[in-house]
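Asks: Keeping their order, the protein sequence lines are chains Z and B.
Using the numbering used here, you'd call the opening residue of the first sequence number 8 and step up by one each time.
Using the numbering used here, you'd call the opening residue of the second sequence number 8 and step up by one each time.
All C-beta atoms, glycine included, are put in the ideal place defined by N, C-alpha and C.
Protein chains: 2
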Amino acid sequence: MSLSQAILASLVRSAQSGYDLAKSFDGSVGFFWEATHQQIYRELNKLEDKGAIAAQTITQEGRPAKKLYSLTDRGLQQLKDWLHQPCELSPTKEELLLKVFAGHLVEPEAIAKEIKRHRQLHAERLTTYRNIEREYFSDLQSCPKEGKFGYLTLLSGIKFETGWVEWCDEALEILSQQP
Amino acid sequence: MSLSQAILASLVRSAQSGYDLAKSFDGSVGFFWEATHQQIYRELNKLEDKGAIAAQTITQEGRPAKKLYSLTDRGLQQLKDWLHQPCELSPTKEELLLKVFAGHLVEPEAIAKEIKRHRQLHAERLTTYRNIEREYFSDLQSCPKEGKFGYLTLLSGIKFETGWVEWCDEALEILSQQP
DNA sequence: TCTGCCATGTAAGTTGTTACATGATTAT
DNA sequence: ATAATCATGTAACAACTTACATGGCAGA
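Structure below.
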């Protein structure tokens, strides 16, 4: 359900093709709402059927034609309505924690190895976020109102990746005590 | 896919019925892998077909009969194999962040209200986790190896709920600056 | 009497995943 | 040559959600 809202929210900023959206779901919106290109194409068709978005076919030289989607008034209204509705806490699904939970069944090194790998991955994401912060939000005051909201989502990303790295270190520390 | 592992991991600790599992997915495992009773019943059937678990029907007085499921050797081996495989970062889906991202489209109060609600919900979870910590993990040294792994998952819960509460406060602070 | 718990499931619909398919361009 | 990128999709399957269905017992 929220995939449609994620797409609408992306299209508010600029008109985009399915391909563009799939790309931008690798950054920005994608940091807190992931989706594959197949999901996006299917959802775009549905949104177009409902009249929330409209397509403009753009023929290009040396490249396949693309459909540039933009928000209709109806789509914008739908997005605003959704913003006024309360939402639940998002369901948690953390495979790593599931492994840790059952970790006593195997040698401690197996779990430690996996935690180290994840520490690395989270540290990389944190670096990505810090770079975005430096590039786009070094001067928060100068940002328009739109920027402030984007910054808040970035802040949460930084907080959670920092938390993950800390947790991995603590977990490795505790696991290393007495074998 | 991991739902099956979550069920197997639960059954390691004790034999349980579908109903029991649905309950225990409200606590412990459920804190990082949520599932409804419908998902669980279906998955139990699949796992039984594959021979990973075995059922024992228990007739009760004044209550419907229940099927007590327990791990087979095969199921235990399957779980151990899975523990040795690396896993990806879990995909993020945070509806609240999606709302914040598009928050510039509506009055700031609408978003602030929702952030406050979520602050409350996260604070409640944090209290739950702290209570579990006090009840079961006040003396970590006395815990068996199994307990240490459970404690690590609890630690992560505490860290992330603390992070959420902090983020909500920061976000509300930033949103309240200059309207 | 009504709510909630115990205990199990079915059915329909929506999402999400994985694999397949096409075809030109650009970089190595 | 080969791989990767641009750009679009279809199809089959797996997972998840929501609603419906049953029926007895315990407590307010």
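So if DSSP puts residue 7 (chain Z) in a beta bridge, which residue, or which two residues, is it bridged to?
Replies: The requested residue 7 (chain Z) is not part of the displayed model; chain Z covers only 8 to 186.
Asks: Where do the N-terminal and C-terminal ends of the alpha helix (DSSP H) with residue 7 (chain B) fall, by residue?
Replies: Here chain B comprises residues numbered 8 to 186, so residue 7 (chain B) is not present and cannot be evaluated.
Asks: Under 7 Å Cβ-Cβ, which residues of chain Z neighbour residue 98 (chain B)?
Replies: Within the second sequence, numbered from 1, the residue matching residue 98 (chain B) stands at position 91. Result: 41.
Asks: What does DSSP give as the partner residue(s) for residue 45 (chain Z) in the beta ladder?
Replies: If you number the first sequence from 1, residue 45 (chain Z) lands on position 38. Paired residues: none, contrary to the question.
Asks: For residue 119 (chain Z), which residues from the same chain have a beta carbon less than 8 Å from its beta carbon, with the 5 sequence-adjacent residues on both sides left out?
Replies: As a first step, residue 119 (chain Z) must be located in the first sequence, where it is residue number 112. Taken in chain order, the residues that qualify are 179, 182 and 183.
Asks: Using C-beta distances below 6 Å, list every residue in its chain close to residue 42 (chain Z), excluding the 5 sequence neighbours before and after it, in chain order.
Replies: Along the first sequence, read from residue 1 onward, the residue named residue 42 (chain Z) stands at position 35. Result list for residue 42 (chain Z): 10 and 32, in chain order.
Asks: Go through the stretch 97-161 of chain B residue by residue and report every complete run of the alpha helix (DSSP H) that reaches 4 residues or more, in order.
Replies: Qualifying alpha helix (DSSP H) stretches, in chain order: 102-108 and 115-143.
Asks: Check the C-beta distance from residue 29 (chain Z) over to residue 44 (chain Z) and give it rounded, since I have them as a contact under 8 Å.
Replies: Counting from 1 along the first sequence, the entry for residue 29 (chain Z) is found at position 22. Counting from 1 along the first sequence, the entry for residue 44 (chain Z) is found at position 37. Sure, about 4 Å apart at Cβ, within 8 Å.
Asks: My output table needs one value for residue 185 (chain B): the three-state DSSP class, helix, strand or coil.
Replies: The sequence position of residue 185 (chain B) within the second sequence is 178, counting from 1. If DSSP states are grouped into helix, strand and coil, residue 185 (chain B) belongs with coil.
Asks: Using 8 Å for Cβ pairs, my map puts residue 76 (chain B) next to residue 60 (chain B). What's the rounded Cβ distance?
Replies: Stepping through the second sequence from its first residue, residue 76 (chain B) is reached at position 69. Stepping through the second sequence from its first residue, residue 60 (chain B) is reached at position 53. With a beta-carbon spacing of about 5 Å, residue 76 (chain B) and residue 60 (chain B) fall inside the 8 Å limit used to define contacts.
Asks: Check the Cβ-Cβ distances between residue 29 (chain B) and every residue of chain Z, and say whether any is below 8 Å.
Replies: Taking the first residue of the second sequence as 1, we reach residue 29 (chain B) at position 22. No, residue 29 (chain B) does not count as interfacial toward chain Z.
Asks: Could you check what DSSP says for residue 22 (chain B) in three-state terms: helix, strand or coil?
Replies: Here residue 22 (chain B) is taken as the residue at index 15 of the second sequence, counted from 1. Here residue 22 (chain B) sits in coil by DSSP.
Asks: Here's the rule I'm using: 16 or more other beta-carbon atoms within 10 Å means buried, otherwise exposed. How should residue 142 (chain Z) be labelled?
Replies: Stepping through the first sequence from its first residue, residue 142 (chain Z) is reached at position 135. It is exposed - the Cβ of residue 142 (chain Z) has fewer than 16 other Cβ atoms within 10 Å.
Asks: Have a look at residue 20 (chain Z) and residue 74 (chain B) and give me their C-alpha separation to the nearest angstrom.
Replies: Here residue 20 (chain Z) corresponds to residue number 13 of the first sequence, with the count starting at 1. Here residue 74 (chain B) corresponds to residue number 67 of the second sequence, with the count starting at 1. Those two C-alpha atoms are separated by around 54 Å.
Asks: For chain Z, is any of its Cβ atoms less than 8 Å away from the one on residue 157 (chain B)?
Replies: Here residue 157 (chain B) corresponds to residue number 150 of the second sequence, with the count starting at 1. At a cut-off of 8 Å, the C-beta of residue 157 (chain B) has a neighbouring C-beta in chain Z.
Asks: Rank Z:66, Z:170, Z:64 and Z:163 by C-alpha distance to the C-alpha of residue 162 (chain B) and give the top, closest one.
Replies: Within the second sequence, the letter at position 155 stands for residue 162 (chain B). Measuring from the Cα of residue 162 (chain B), the nearest candidate turns out to be Z:170.
Asks: Name the chain Z residues whose beta carbon is nearer than 9 Å to that of residue 123 (chain B)?
Replies: The residue given as residue 123 (chain B) occupies position 116 in the second sequence. Residues of chain Z passing the Cβ test: none, with the nearest at roughly 11 Å.
Asks: So which residues of chain Z does residue 117 (chain B) contact, with C-beta pairs closer than 8 Å?
Replies: One-based indexing of the second sequence puts residue 117 (chain B) at position 110. Those are 90 and 91, listed as they occur along chain Z.
Asks: Please classify residue 17 (chain B): is it buried, with 16 or more other beta-carbons within 10 angstroms of its beta-carbon, or exposed?
Replies: Residue numbering aside, residue 17 (chain B) sits at position 10 when the second sequence is read from its first letter. With 16 or more other Cβ atoms within 10 Å, it is buried.
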